[in-house]
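In this note's numbering, the protein residues as written are 21 to 214.
Backbone N, C-alpha and C fix where the C-beta goes; we use that ideal spot for every residue, glycine too.
Since we're looking at a predicted model, the values are computed, not measured.
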Ligand code: 5GP
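What follows is the structure, encoded as structure tokens:
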């Protein structure tokens, strides 16, 4: 079991509705030493890829991506902003993302200044469930003409369809913990062997 899986077992809370709460170390209070270990692991898994930018989405991706960036020298972190209204003045890339946790639709926006055809992007996010957030970030990279070199996720819920869909699209998707099943009644969590 890796350090993230161990931490999920120790401090994660399984809620009804297929939600895993990890507020004590990832989504509210943040354990940056753990993020640093995760960043090292992303660097190992994406070794040899020519990554010059990290793209994430607010809010929970920002902490993980920022600490991970220390292991990708020279790569700034850009975060897609969530916005209820779209700015149509043409200086933003936009995509629609349905929120798994809040069940609403957000527009996510990235300024054209910070993503260009020269960029080789590592996308990082906290959770992968149905894959809507990732699809939005991939669309934004495509609009920019940037190359998606890989996708690093902290926790993939392997019993939901996002992981298979993104791998079928041909992307190198690396999830540090893949939950194959979890039970809100007993609190048990089973991880996929990697
Ligand atoms: P997706 O777009 O893949 O359906 O969901 C990914 C987004 O939803 C993540 O950015 C994360 O913020 C949120 N999310 C999805 N499932 C969970 C979960 O079980 N626990 C928490 N804390 N967030 C989740």
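Quick one: Cα of residue i to Cα of residue j, how far?
i: residue 199; j: residue 135; result: 32 Å
i: residue 211; j: residue 201; result: 7 Å
i: residue 149; j: residue 110; result: 31 Å
i: residue 178; j: residue 105; result: 32 Å
i: residue 165; j: residue 84; result: 25 Å
i: residue 214; j: residue 29; result: 17 Å
i: residue 113; j: residue 131; result: 6 Å
i: residue 180; j: residue 191; result: 17 Å
i: residue 133; j: residue 207; result: 45 Å
i: residue 82; j: residue 205; result: 31 Å
i: residue 48; j: residue 42; result: 8 Å
i: residue 103; j: residue 65; result: 32 Å
i: residue 240; j: residue 189; result: Because the chain is modelled from 21 through 214, residue 240 falls outside the range shown and cannot be assessed.
i: residue 193; j: residue 203; result: 25 Å
i: residue 162; j: residue 98; result: 15 Å
i: residue 51; j: residue 24; result: 11 Å
With a threshold of 7 Å, establish whether the CB of residue i neighbours any heavy atom of ligand 2.
i: residue 126; result: This structure does not include ligand 2; its bound ligands are ligand 1.
At what residues does the alpha helix (DSSP H) containing residue i begin and finish?
i: residue 158; result: 152-164
i: residue 58; result: 52-65
i: residue 31; result: 23-31
Output the boundary residues of the beta strand (DSSP E) element that contains residue i.
i: residue 100; result: 97-103
i: residue 40; result: 39-41
i: residue 205; result: Taken as a continuous stretch (DSSP letters only), residue 205 belongs to no beta strand (DSSP E), as it is neither H nor E.
i: residue 76; result: 73-77
i: residue 131; result: 125-131
With DSSP collapsed to three states, give me the class of residue i.
i: residue 112; result: strand
i: residue 189; result: coil
i: residue 84; result: helix
i: residue 201; result: strand
i: residue 174; result: strand
i: residue 147; result: strand
i: residue 69; result: coil
i: residue 142; result: strand
i: residue 44; result: helix
The stretch 80-89 touching the stretch 136-155, judged by at least three CB pairs closer than 8 Å: yes
Touch test, the stretch 40-59 against the stretch 151-166, Cβ-Cβ under 8 Å, three pairs minimum: no
Three CB pairs or more closer than 8 Å across the stretch 62-74 and the stretch 120-131: no
Any 3 or more C-beta pairs closer than 8 Å across the stretch 126-140 and the stretch 35-45: no
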